[in-house]
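Read through the structure below, which is laid out as structure tokens, and then see the notes.
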């Protein structure tokens, strides 16, 4: 046991905060992630993270709280997606890609200005790849509240959203406001992206949203059970990643510890790979 | 008051007049067939009734209101589903009960019994626990029907539900829809390009071609003079062993040939 | 602006823009936007890994780009899983970041590989870049007609005896080489706009393939030159101007074309 949990893990305040925050964020990301996949929205999820990056970089430059910047950026991206709407498919893809390119360019500028104009070091690492150990203690209760709020909203709209995701027409016939639900869901996704970004950094945040959810969905054919499973997998991956990262400091005294976010993503990918393999084995046996 | 009242509806896409002065109405418990060849505008009309498509002229009144506040049962021609979607057929039918209610209230045992009952009624008991993404076209059709019926609508719209089914399934589904319609007083509007399967159960027919519509009972509408006027050129209606054949004279103008002219010969 | 210090940047940047414009034309034609995202991410991981074990980043870029290009070409035959690809893309960035964290100068290297560092181009890399760039341009121009047919009508191309599979692989390799050249200059995250914006804008202006190809290269050169000049004047990162410039170029061409169509 001593080699699994290096000394001080459970008495280290940043580590405990990290375990708590990551659990809360993993839970909301998993719930939202299930529906991102159901609606085949992986691409727009990726688009949101690019604009969230710009928001986070901008916040770092201006001195705002990172969470505000990330969520604000993601919401702006969501608004843009809604406005661009259903144009000619290829033009829309090109236009979206270039808008994201411009957003990335802006990120480059903000990060550069922050690095040259202030004393903060490692801003690129922080914004893009996150560092959960250094999230300010003031942010944590806010993040937890937001997460609970989003999970609550998702619980309320889960059933109508499921039908609307499968067939907006049938949903409309039932009296379900498909389009408005879509917008609400986009807002939930944006907040999740923001929360995930302060946990794992904006570039890796996608992994927390779709990874555990995709893993659970490969294994279960019941959406409610799949949602619970993806929450468990998400929390498990985050905690495993945190423990690994914390322990890595003790492995080779000479080198630095592995970044937490990378460890978490590695575990997420490993879980996904395992579930894919399991699914393929199962279908061959049937 | 009729359940569905379509009056003088007109709709134009670009320079094509899809619907031109279409009128018909359906009362509670009436089974109406919307008959017309492929591409004539049946789906467009159904979508207009649902409120998914705006119309250029005319009115559509459902249950006495122009706003679609009452739930309408809708079975689209097909829906695309990812094979990995984590919903069983049973779960999808269950959504028909409470999809428009917020929250996560669990299903009561009564509701669960109803779900099983409807699954059996459409002949879906054997694949109730399969993922909906893995169902065949015909199986999915049955699930969509069960889903639409379980919400106890006053109006049920079905867009070409019989197209993918083998003849025996067609008979089963038609009989089921008819009995449900009578038993629960549901107004049913079912679109098809071939009317013979529906002849035993249709109370009324709305015959659509080139944007124009003739409606009434089958005796009234499916007559040579009525259909000839509708098509704009002479067609003959032949009745043979309880089946109907609509035949056009050989003409150079191929566009106006009704599609059933060739289909019926294979039955 | 044209001091010897900046001369490297102008020379290398021009070659990179030329190659990006030419290859980018086919990326847009073949709707290979996904590849234009995926290969740089993999290249980033490769460069980071190379830096960690003390090898030249250019080598790491090259090796991982080619591996990525080949892998994507082979996988492209079958249907794609959205979630799996998104995870792989993200994992590559995570891997690269992990590599860099174990070395020195984490922050600087991170920024440089992701957003480009044209002012850090050393004079020793000018010659390799020229050679690599010239080769890539020559291949594109030589294969222009068969590649055009294979990209737009593969069955027709096969009927004419063109080995479409070979061309697909050649294109994958060319994309890899372009990545190797472009990433040091504009960064892994900003290669995409440079390869998509100018060609897309060119295709709006003209549908004739030869003209569109030339225009695409011209647009790319303009974007890069303007970006470089502004970066020098304002002392801001080149990547910012490339990203925004590509988007601006496309928007201007689209709006301009629509305005012209309306006034006729």
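Protein chains in written order, with the working numbering: chain B, 32 to 317; chain U, 166 to 432; chain A, 2 to 265. Beta carbons are placed, not taken as given, at the ideal position from N, Cα and C, and that holds for glycine. Please read all numbers here as calculations on a predicted model, not as lab measurements.
In terms of Cα proximity to residue 229 of chain U, the closest of U:344, U:167, U:383 and U:407 is U:167. Annotation: residue 190 of chain U to residue 170 of chain U spans about 4 Å, alpha carbon to alpha carbon. Distance from the CA atom of residue 260 of chain B to the CA atom of residue 125 of chain B, rounded to whole angstroms, is 36 Å.
Spatial neighbours of residue 251 of chain B in its own chain (CB-CB distance under 8 Å, excluding positions within 5 residues in sequence) are listed in chain order as 257 and 260.
Cβ proximity to chain B below 8 Å picks out 241, 244, 246, 247, 249, 250, 251, 252, 253, 256 and 257 from the region 241-259 of chain U. Beta-bridge annotation (DSSP): residue 182 of chain U is paired with U:177.
Per DSSP, reduced to three states, the secondary structure at residue 188 of chain U is strand. The beta carbon of residue 124 of chain B sits no closer than 8 Å to any beta carbon of chain U. Counting C-beta atoms within 10 angstroms of its own C-beta, residue 51 of chain B has fewer than 16 neighbours from the protein chains shown and is therefore classed as exposed. Contact note: residue 238 of chain A reaches chain B through 139, 140 and 143, using a C-beta cutoff of 7 Å and chain order. Counting the other Cβ atoms within 10 Å of the Cβ of residue 106 of chain A gives fewer than 16, which makes it exposed.
The alpha-carbon of residue 97 of chain A is positioned some 16 Å away from that of residue 153 of chain B.
Per the C-alpha coordinates, the member of B:134, B:127, B:133 and B:161 positioned closest to residue 108 of chain A is B:161. Residue contact with chain A for residue 290 of chain B: present (Cβ-Cβ distance below 8 Å to some residue of chain A).
Against residue 293 of chain B, the close residues of chain A are 95, 96, 98, 99 and 102, in the order they occur along the chain (beta-carbon pairs closer than 8 Å). In the DSSP assignment, residue 196 of chain U is bridged to U:353. Chain B has a Cβ within less than 8 Å of the Cβ of residue 266 of chain U. Here residue 238 of chain U has 313, 314, 316, 318, 320, 321, 322 and 351 as same chain residues with Cβ atoms under 8 Å from its own Cβ, once five neighbours each way along the sequence are excluded. The three-state secondary structure of residue 368 of chain U, taken from DSSP, is coil. For residue 244 of chain U, no beta strand (DSSP E) encloses it, and the DSSP letter there is neither H nor E. The beta-carbon of residue 355 of chain U is placed no less than 8 Å from the nearest beta-carbon of chain B. Contact between the region 336-346 of chain U and the region 290-310 of chain B is absent: fewer than 3 CB-CB pairs across the two stretches fall below 8 Å. DSSP places residue 207 of chain B outside both helix and strand once states are collapsed to three, so it counts as coil. Per DSSP, the continuous beta strand (DSSP E) segment holding residue 401 of chain U begins and ends at 400-405.
In terms of beta-carbon proximity, residue 165 of chain B stays away from the interface with chain U, with every pair separated by 8 Å or more.
Using a CB distance cut-off of 8 Å, residue 253 of chain B counts as an interface residue toward chain U.
Just measuring C-alpha positions, the residue of A:172, A:188, A:251 and A:66 sitting nearest residue 141 of chain A is A:172.
Among the bridge pairs identified by DSSP, residue 374 of chain U is matched with U:377. For residue 237 of chain U, the enclosing beta strand (DSSP E) has its first and last residue at 237-240. In chain order, 252, 260 and 264 make up the part of chain U whose C-beta sits under 8 Å from the C-beta of residue 193 of chain B. When DSSP reads this structure, residue 321 of chain U sits in a beta bridge with U:238 and U:353. Residue environment: residue 201 of chain U is assigned as buried (16 or more neighbouring CB atoms within 10 Å of its CB, all protein chains considered). Of the candidates A:33, A:62 and A:155, the residue whose Cα lies closest to the Cα of residue 42 of chain A is A:62.
Between residue 127 of chain A and residue 29 of chain A, the C-beta gap is not smaller than 8 Å, which leaves the two residues out of contact. Boundaries for residue 212 of chain U: no beta strand (DSSP E) harbours it, while the alpha helix (DSSP H) harbouring it runs 207-215, taken from the DSSP string. Across the set A:204, A:118 and A:102, the C-alpha of A:102 shows the shortest separation from the C-alpha of residue 280 of chain B.
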